[in-house]
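Going by the numbering used here, the first residue of the sequence shown is number 751, and it counts up by one from there. Some notes on the structure that comes next.
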Amino acid sequence: MLRYRMVAYYEDKTSETRLARTVVVIAPDDRTAVQMVKTEIAPLALGGRVAAIHVVEKEAIEPKVVFQGDPYIPFRWPVGEGGAKTPGDQA
């Protein structure tokens with residue numbers, strides 16, 4: 751899989767203002783990535799037309815953990831295999 755950071759240029763259909771929007775896409779190839787951006791931006795664009803798409807970054811990605819938060823002391827601890835038990839879970 752590939753991760754793309756792209757900039758889509760289009761004219762906003764509500765204000766008729768020229769806009770640029772950064773979009774991050776994970777797709778198997780270039781053609782699919784461009785089509786995904788067009789599908790996402792077209793409803794916002796005047797006449798459904800995306801003027802241009804510029805690829806800023808393109809990198810191969812592997813399945814992995816991409817974020818780990820800092821450790822903290824939780825207010826509740828999971829009990830058994832069912833997950834955290836709180837008074838709201840009783841309903």
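Glycine included, C-beta positions come from ideal geometry on N, C-alpha and C.
Collapsed DSSP secondary structure at residue i in the structure displayed
{"i": "PRO813", "result": "coil"}
{"i": "ILE850", "result": "No information on residue 850 is available, as it lies outside the stretch 751 to 841 that the chain covers here."}
{"i": "VAL784", "result": "helix"}
{"i": "VAL829", "result": "coil"}
{"i": "ASP779", "result": "coil"}
{"i": "ILE823", "result": "coil"}
{"i": "GLU761", "result": "strand"}
Distance between residue j and residue i (C-alpha atoms, nearest Å)
{"i": "ARG799", "j": "ALA770", "result": "13 angstroms"}
{"i": "TYR822", "j": "LYS814", "result": "22 angstroms"}
{"i": "PRO824", "j": "GLY830", "result": "16 angstroms"}
{"i": "PRO828", "j": "VAL816", "result": "24 angstroms"}
Residue i burial status per 10 Å Cβ neighbour count (16 or more: buried)
{"i": "ILE791", "result": "buried"}
{"i": "VAL774", "result": "exposed"}
{"i": "ALA758", "result": "buried"}
{"i": "ALA795", "result": "buried"}
Beta-carbon separation (whole angstroms), residue i vs residue j, contact threshold 8 angstroms
{"i": "ARG755", "j": "VAL806", "result": "5 angstroms"}
{"i": "ILE803", "j": "MET751", "result": "Not a contact, Cβ separation roughly 19 angstroms."}
{"i": "ALA801", "j": "GLU761", "result": "7 angstroms"}
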